[in-house]
Ligand code: DX5
Ligand code: ZN
């Protein structure tokens with residue numbers, strides 16, 4: 113029995129086999145994941161390097177699931193047009209990586225895409241207050257970005273509560289996502305705090321039954 117509202121699950125291909133991304137996509141589809149989360153890393157904003165817009169355009173040919181692109185890169189304003197052209201559905205950049213965040217949100221929306229902003233654990237939610245009205249998505253990092261398989265940072269949960277309250281008090285429509293260290297236990301915590309989207313990488317791709325995991329992350333008790 114799910115006593116809370118329905119949340120979406122967005123498995124991240126970061127923990128898939130990079131030599132078989134289509135296999136990862138099929139695993140997500142079979143497990144009834146809602147979005148495919150794509151972690152773009154440049155080796156500068158974060159220490160790790162993953163892939164660029166070509167991965168998005170190649171995968172776009174093979175799935176109808178929404179492609180949820182998380183840009184962990186410096187100067188995202190130089191790249192959003194390419195990611196939009198590649199077929200991204202949501203484009204999320206880091207507040208810490210830009211000066212003109214408002215301008216970049218408007219640019220992403222003008223390209224016909226959902227616009228998101230992410231904040232790392234050390235960035236307060238209050239820094240989003242002037243942008244909240246125009247955002248489609250806020251991605252709360254619950255680990256320091258860069259790698260899969262890290263430990264959930266509980267101190268980040270208060271930011272979800274704060275942003276959920278801000279949304280309710282002002283009638284804003286953004287979704288709130290949690291990304292990093294999400295498993296059945298931490299999913300329960302962030303769902304109760306008001307999250308709408310759960311990003312899951314290592315837990316999803318190491319699950320013996322990914323479809324069961326997706327259901328459990330949503331708060332369903334699986335017998
Ligand atoms: C981390 C990425 C995450 C990552 C989460 O920097 O943004 O999306 O895939 O992986 P897990 O679920 O293993 O923490
Ligand atoms: Zn991510």
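In our numbering, the protein residues as written are 113 to 335. Cβ atoms here follow ideal geometry from the backbone N, Cα and C, with glycine treated the same way. Keep in mind that this is a model prediction, so the values were computed, not measured.
For residue i and residue j, what's the separation of their Cα atoms in angstroms?
| i | j | result |
| --- | --- | --- |
| residue 245 | residue 153 | 27 angstroms |
| residue 210 | residue 155 | 16 angstroms |
| residue 329 | residue 197 | 32 angstroms |
| residue 286 | residue 135 | 31 angstroms |
| residue 314 | residue 320 | 12 angstroms |
| residue 358 | residue 130 | Outside the modelled stretch of the chain, which goes from 113 to 335, sits residue 358, for which no answer is possible. |
| residue 288 | residue 213 | 18 angstroms |
| residue 205 | residue 180 | 11 angstroms |
| residue 302 | residue 177 | 24 angstroms |
| residue 354 | residue 334 | There is no way to answer for residue 354, as the model of the chain reaches only from 113 to 335. |
| residue 126 | residue 304 | 26 angstroms |
| residue 275 | residue 269 | 10 angstroms |
| residue 233 | residue 282 | 24 angstroms |
| residue 322 | residue 140 | 8 angstroms |
| residue 295 | residue 312 | 7 angstroms |
| residue 237 | residue 273 | 10 angstroms |
| residue 193 | residue 280 | 32 angstroms |
Leaving out five residues before and five after residue i in sequence, what residues of the same chain have Cβ atoms less than 6 angstroms from its Cβ?
| i | result |
| --- | --- |
| residue 217 | 227, 246 |
| residue 261 | 314 |
| residue 298 | 264 |
| residue 117 | none |
List the whole-angstrom C-beta distance separating residue i from residue j, where the pair is believed to meet the contact cut-off of C-beta under 8 angstroms.
| i | j | result |
| --- | --- | --- |
| residue 157 | residue 190 | Going by Cβ atoms, the distance from residue 157 to residue 190 rounds to 12 angstroms, so no, they are not a contact pair. |
| residue 172 | residue 199 | 3 angstroms |
| residue 203 | residue 175 | No, residue 203 and residue 175 are not in contact; Cβ-Cβ is about 17 angstroms, not under 8 angstroms. |
| residue 324 | residue 293 | Going by Cβ atoms, the distance from residue 324 to residue 293 rounds to 20 angstroms, so no, they are not a contact pair. |
Given the structure, does residue i come close to the ligand DX5, in the sense that its CB is under 6 angstroms from one of the ligand's heavy atoms?
| i | result |
| --- | --- |
| residue 175 | no |
| residue 95 | The structure shown has nothing for residue 95, since the chain only spans 113 to 335. |
| residue 137 | no |
| residue 223 | no |
| residue 311 | yes |
| residue 294 | yes |
| residue 123 | no |
| residue 322 | no |
| residue 126 | yes |
| residue 200 | no |
| residue 257 | yes |
Let me check you understand the geometry: is the CB of residue i closer than 6 angstroms to at least one non-hydrogen atom of the ligand ZN?
| i | result |
| --- | --- |
| residue 308 | no |
| residue 170 | no |
| residue 182 | yes |
| residue 151 | yes |
Taking all protein chains shown into account, decide if residue i is buried (16 or more other Cβ within 10 angstroms of its Cβ) or exposed.
| i | result |
| --- | --- |
| residue 231 | buried |
| residue 251 | buried |
| residue 277 | exposed |
| residue 222 | exposed |
| residue 145 | buried |
| residue 168 | buried |
| residue 124 | buried |
| residue 187 | exposed |
I want to see whether chain E comes within less than 7 angstroms of residue i, judged by CB atoms only; does it?
| i | result |
| --- | --- |
| residue 230 | Here there is only one protein chain, and chain E is not present. |
I'd like the list of long-range same chain contacts for residue i, defined as Cβ closer than 7 angstroms, with 5 residues on each side in sequence excluded.
| i | result |
| --- | --- |
| residue 163 | 152 |
| residue 243 | 213, 214, 217, 229 |
| residue 327 | 334 |
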